[in-house]
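Numbered according to full-length UniProt numbering, the sequence shown spans residues 1 to 164.
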Amino acid sequence: MLGKQEATAAATRALGWALVVAGPVLARRGLAAGVLVRSELADEHLAFPDSVPQDLARYAGQSVDSASLAKVYADLIKRNVYVATGGRTYAQLSAGRPDSVSSEARDTAFRGEAMHAGLLGAYEAAEVATLVTGLGVLATALGAVLLAVAGSLEAPALPGGGRR
1 MLGKQEATAA
11 ATRALGWALV
21 VAGPVLARRG
31 LAAGVLVRSE
41 LADEHLAFPD
51 SVPQDLARYA
61 GQSVDSASLA
71 KVYADLIKRN
81 VYVATGGRTY
91 AQLSAGRPDS
101 VSSEARDTAF
111 RGEAMHAGLL
121 GAYEAAEVAT
131 LVTGLGVLAT
141 ALGAVLLAVA
151 GSLEAPALPG
161 GGRR
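Next comes the structure, spelled out in structure tokens:
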């Protein structure tokens, strides 16, 4: 039967190995998801128009090929839809009498809100991918520390009560 210290060392070692094995899997999956988001964004061939509001001038003409740029572009679309629809959403435009609002305004709101939602989805997916990658690295490091701790718990006792 294992003593308390040996049982603690065995449990610590098992958890350490689990984290050392799971960590790289998490990191790889997170990296792959991030690459997928960037690839999908690049495949859309979106680019900021050359004429953008002053606060977005640094993005003029730039391709939307990263999560952070997708977020900025989504916000630009939202602003433009807000202006085009007088500050009303697709739901608000569709709720009243159909003849009271032009179909062009409803279509603009619908397409704009769909683009906005899709780009925000890409941004959030990339953020989750980054989180998963970071957790994978952290899990690997924590697993290595736990394996070292388990090793020190298993070190044979030296004369006088110390450990190697």
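Where is the CB? At the ideal position from N, CA and C, for every residue including glycine.
- In terms of Cβ geometry, residue 41 and residue 70 form a close pair [threshold 8 Å].
- Your pair residue 81 and residue 112 checks out as a contact, with CB atoms roughly 3 Å apart and the cut at 8 Å.
- Burial state of residue 45 is exposed, judged by a 10 Å Cβ sphere holding fewer than 16 other Cβ atoms.
- Burial state of residue 134 is exposed, judged by a 10 Å Cβ sphere holding fewer than 16 other Cβ atoms.
- In this structure residue 26 is buried. Its beta-carbon is surrounded by 16 or more other beta-carbon atoms within 10 angstroms.
- Leaving aside the five residues that flank residue 52 on each side, the residues in its chain whose CB is nearer than 8 Å to its CB run, in chain order, 59, 60 and 76.
- At a Cβ-Cβ threshold of 8 Å, residue 128 and residue 29 do not count as neighbours.
- Counting only the Cα atoms, residue 4 lies some 31 Å from residue 137.
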